[in-house]
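Residue numbers (the numbering used here): 10 to 397. Worksheet: the structure to be examined is printed underneath.
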């Protein structure tokens, strides 16, 4: 019998838990979903118009591998609002979404056998990307009782002589947790003491409610040991444009670009023209504020709905997800989601798709209309009634 040509690492990698439930939900008549982590807002018209104009001018050639100089300058200026200071010439790399940034960062920093501390629950691609470059993912479990924040004590417990990288993502997907300055300061001291590099995924930096986002890279002594990842998908409603950016020490950016130029050449040219205008247009802050206010209202509706059902949760302070516990119903995450979909035709994502410590929870997105959220909550309430 012919041997398999498929990599053992890839064969052992599980499918995305998010994808599995989307596939089932899409096959059911009348199914509603709170599963997608994608803004329901259209990309603002002024951004779309610039993209169309660039195509009509036939500005459709390759750009500099790093991204256009104009966009890198615009990104550097934009990051100043978070007290982050980078040189657009050698401190910024434009990527195919923040997801490519995750992959490039890990391949640049991690050698086979290196341990990467991954704060969980977390976005589904982190651990697979660590494994693909031969690294060893080590889960840093966060708890509802701590508001799903990373604690200094939790970090210390997992550090070994093989630890090289710490991956964090706040505001967090799937929990909506944020880190305050004092939380980050305690983590930063440990990171510096143990000479660990940090990858900080800040794709939801614009989406916080009542508190301003703080980046760990803005703390003293952290810029030189932190890579910040961000992009246009969430705050600018540009998911399909596939555009992100990495900001960090010039040596790390240089070697990330070395991989980038051999794999994707450069990010989408049309998207880059649009992104410059997204950052530089004076309408930017007003539109971001309107979107944030709308999410805040939806957040309140969803949080109140789950609390009225009797489910416990840590009130999210960022992103656009609620992460309620369903353990009181005597079901695991997978069973709850499967039965909810079967009995009430509502798709939500099992918490264990985001790491083992997500077991007993479900992720629900409020990047949907109030009408859709209300309909789904009514169906979930019917499912939960009498089971607690």
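C-beta atoms are modelled at their ideal positions from N, C-alpha and C, and glycine is treated no differently.
- Message: Measuring straight from C-alpha to C-alpha, what distance separates residue 157 and residue 195?
- Response: 16 Å
- Task: Over the uninterrupted beta strand (DSSP E) stretch that includes residue 146, give me the two end residues.
- Result: 145 to 150
- Query: Where does residue 222 land, buried or exposed, given buried means 16+ other C-beta within 10 angstroms?
  - Reply: buried
- Reference residue 44, options 303, 51, 71, 329, closest by Cα: Answer by Cα proximity: 329.
- Query: Anyone know if the C-beta pair for residue 326 and residue 220 falls short of 9 Å?
  - Reply: yes
- Item | Exposure label - residue 271; buried when at least 16 CB within 10 Å | exposed
- Query: Which partner residues of residue 6 appear in the DSSP bridge assignment?
  - Reply: In the structure as shown, the chain starts at 10 and stops at 397, and residue 6 therefore has no counterpart that could be examined.
- Using the DSSP secondary-structure output, state which residues sit across from residue 355 in a beta bridge. 41
- Message: Once the 5 residues before and after residue 282 are set aside, which same chain residues still bring their CB inside 7 Å of it?
- Response: 59, 60, 63, 68
- Closest Cα partner of residue 103 within the set 134, 120, 84: 84
- Message: Please list the terminal residues of the continuous beta strand (DSSP E) segment that includes residue 138.
- Response: Taken as a continuous stretch (DSSP letters only), residue 138 belongs to no beta strand (DSSP E), being part of the alpha helix (DSSP H) at 135 to 141.
- Confirm, please, whether the CB-CB distance from residue 237 to residue 176 is below 9 Å. No, Cβ-Cβ distance for residue 176 and residue 237 is not below 9 Å.
- Query: What runs of the beta strand (DSSP E), each 3 residues or longer, lie entirely inside the stretch 246 to 284?
  - Reply: 253 to 256
- Message: My parser needs the alpha helix (DSSP H) runs of 4 or more residues fully inside the stretch 282 to 363; what are they?
- Response: 293 to 318, 342 to 353
- How many angstroms separate the CA atom of residue 50 from the CA atom of residue 373? 17 Å
- Whole angstroms is fine: what's the gap from residue 317's alpha carbon to residue 336's? 16 Å
- Counting along the chain, where does the alpha helix (DSSP H) carrying residue 201 start and finish? For residue 201, the enclosing alpha helix (DSSP H) covers residues 190 to 202.
- Have a look at residue 73 and residue 244 and give me their C-alpha separation to the nearest angstrom. 25 Å
- For residue 209, does the count of other Cβ atoms within 10 angstroms reach 16, so buried, or fall short, so exposed? buried
- Span of the beta strand (DSSP E) holding residue 103? 101 to 104
- For residue 276, which residues from the same chain have a beta carbon less than 7 Å from its beta carbon, with the 5 sequence-adjacent residues on both sides left out? 76, 103, 104, 105, 252
- residue 82, DSSP secondary structure in three states: helix
- Message: Could you pull the DSSP bridge partners for residue 126 from this structure?
- Response: According to the DSSP secondary-structure assignment, residue 126 is paired through a beta bridge with 147, 175.
- Message: Please return the same chain residues whose Cβ sits closer than 6 Å to the Cβ of residue 137, not counting the five positions on each side in sequence.
- Response: 22
- Query: How would you label residue 169, buried or exposed, when you count the other beta carbons within 10 angstroms and need 16 or more for buried?
  - Reply: exposed
- Can you grab the Cα-Cα spacing for the pair residue 185 / residue 12, in whole Å? C-alpha separation (whole angstroms): 45 Å.
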